[in-house]
Amino acid sequence: GLIRAHIAKEKGSKMNKQITEHFSFDGDPKLLCRCCGRIKLEDIFWETMQLVETLRSQTGPLIVNCGYRCPEHNESIGGAEKSLHLDFAIDLRSISMPLTDAHQLAVDLGFGGIGLYSSFIHLDRRDLLDRPEARWNQS
């Protein structure tokens with residue numbers, strides 16, 4: 584099974600850790616829950632971030648808007664009851680290419696869940712949780 588590791592955002596903690604070549608907890612604090620600074624470090628997190636790194640190698644710099652959400656934060660912002668952000672999903676935007684192009688590259692890479700919005704794309708690996716593939720467009 585998966586091991587849950589909740590880490591508080593504290594100076595000198597593991598939050599300085601580099602995740603991939605271009606993403607780190609220090610450089611991308613929005614990977615952590617905005618209300619409590621925690622994150623679940625389970626397989627889905629690491630697998631998602633590896634695929635996001637592959638996407639970044641094709642798109643250039645990506646800006647993280649949102650990553651993990653604790654249940655309380657997810658509820659407070661009206662997130663879906665079974666939102667993948669409760670395990671790990673990432674909302675991001677590209678600063679070097681049109682969002683629709685970055686979205687198509689994400690489709691080509693095979694993310695399990697991909698949503699296109701007017702100012703960001705949602706990416707997740709729901710396939711790792713045996714959830715069906717999902718694609719949506721709310722742009």
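Here our numbering is used: the first residue of the sequence shown is 584, the next is one more, and so on.
Note that beta-carbon positions come from the ideal geometry of N, C-alpha and C, so glycine has one too.
Values in this document were obtained by computation on a predicted structure and should not be read as measured data.
Residues of its chain near I646, where Cβ-Cβ distance is below 7 Å and the 5 sequence neighbours each way are ignored: L675, R676 and I678
Quick check on this structure: which residue in L669, R621 and V690 has the alpha carbon closest to the alpha carbon of L712? L669
If the criterion is Cβ atoms closer than 7 Å, does the pair T603 and E636 meet it? yes
In the DSSP assignment, the alpha helix (DSSP H) including I627 goes from what residue to what residue? D626 to T642
So, helix, strand or coil for A717, using DSSP? strand
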